[in-house]
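Note that the sequence shown covers residues -18 to 171 in the numbering used here.
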Amino acid sequence: MSDERFSIVERSYGDDEDGLSVGIANIHAAVPDVQANKDTIVRVAQTFAERGVDYALFPEFCLSGYFWEDAERCGEYMNSAVTEEHVGWIESELEPLLGAGARPARGNGTGTLAASGGGTGGLEGIVLNNLRHAGDGCYYNSSFVVDGGGDYLADESTYDKVFLPGIEREYTTTGRDDRLVLDTRHGRLG
-18 MSDERFSIVE RSYGDDEDGL SVGIANIHAA VPDVQANKDT IVRVAQTFAE RGVDYALFPE
42 FCLSGYFWED AERCGEYMNS AVTEEHVGWI ESELEPLLGA GARPARGNGT GTLAASGGGT
102 GGLEGIVLNN LRHAGDGCYY NSSFVVDGGG DYLADESTYD KVFLPGIERE YTTTGRDDRL
162 VLDTRHGRLG
């Protein structure tokens, strides 16, 4: 199946229709164009939800796009692209695509999410990666799960990239050595 901006390739590795279904969104983020990236993310997530996918996974810097050499212009753009600036969009555009799905088992400090039902349609979770503020003008390269159940930007709900290559070291700071684990109706992921 194909769309104007992306194509869908399906693979099945079992006959169990209740098994885990993961949609991997191999999209290329536009820089500097957060709105175009938002539109693509929503369109892909809607397609995944319509097709009965449980979890949608988006690539690194899917909202902001990647850094470039002009530090001043890049810094201004990235400040506008941090996840904290787009919480309203996540809540109004992505969270409505969620079904019963996963809910966070927050407060245990492990970054673990627990399943709360399932099989009622809609995505269980949307895994995004983008920038978030780290302080001192730097950012974290953070992965987090939008699941409709809590603060996806809380430390226990994110994974901040630890090993930073090349230009990322100029703009992002290393995260702590932690893990992001999801306990789903399908089992533990992470």
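Note that beta-carbon positions come from the ideal geometry of N, C-alpha and C, so glycine has one too.
Quantities reported herein were computed from a predicted structural model and do not represent experimental measurements.
inquiry  = Let's see if you can read the secondary structure: which residues bound the alpha helix (DSSP H) around C55?
reply    = Its alpha helix (DSSP H) spans residues 52 to 62.
ask   = Nearest to G130 by alpha carbon, out of P77, G168, G156?
value = Of P77, G168, G156, the residue nearest in Cα terms is P77.
request  = Compute the beta-carbon to beta-carbon distance between L38 and V15, rounded to the nearest angstrom, for a pair I have assumed lies under 8 Å.
outcome  = Their Cβ separation, rounded to whole angstroms, is 20 Å, which puts L38 and V15 out of contact at 8 Å.
request  = Locate the beta strand (DSSP E) running through R169, then write down its first and last residues.
outcome  = 168 to 170
inquiry  = Between the alpha carbons of G4 and V34, how many angstroms are there, rounded?
reply    = Their backbone Cα atoms lie some 6 Å apart in a straight line.
contact_flag[the stretch 22 to 32, the stretch 56 to 66] where n(CB pairs < 8 Å) is 3 or more = no
task = For my contact list, Y172 and E105 are in at a C-beta cut-off of 8 Å; report their separation, rounded to the angstrom.
result = This structure does not reach residue 172, given that the chain is present from -18 up to 171, and the question cannot be answered.
request  = Return the chain-ordered ranges of every alpha helix (DSSP H) run that is complete within the stretch 0 to 59 and spans a minimum of 4 residues.
outcome  = 15 to 31
query = Of the choices F42, D141, P13, E74, whose alpha-carbon is the least far from that of D128?
reply = The shortest CA-to-CA distance from D128 to any of F42, D141, P13, E74 is the one to E74.
key: Limits of the unbroken alpha helix (DSSP H) element including Y172   = Any property of residue 172 remains undetermined from this structure, which presents the chain solely from -18 to 171.
message = If I follow the unbroken beta strand (DSSP E) through H114, where does it start and stop?
response = 106 to 116
key: Three CB pairs or more closer than 8 Å across the stretch 8 to 23 and the stretch 117 to 125   = no
task = Using only alpha-carbon positions, find the residue among S138, G118, V162 that is nearest to E150.
result = In the sequence under discussion, the amino acid at residue 150 is Arg, which differs from the Glu named in the question. That would be G118, whose Cα lies nearest to the Cα of R150.
task = Using the Cα positions of Q27 and I148, report the straight-line distance between them to the nearest angstrom.
result = 33 Å
message = Let's see if you can read the secondary structure: which residues bound the beta strand (DSSP E) around F144?
response = Neither: F144 is in no beta strand (DSSP E) and is coded neither H nor E.
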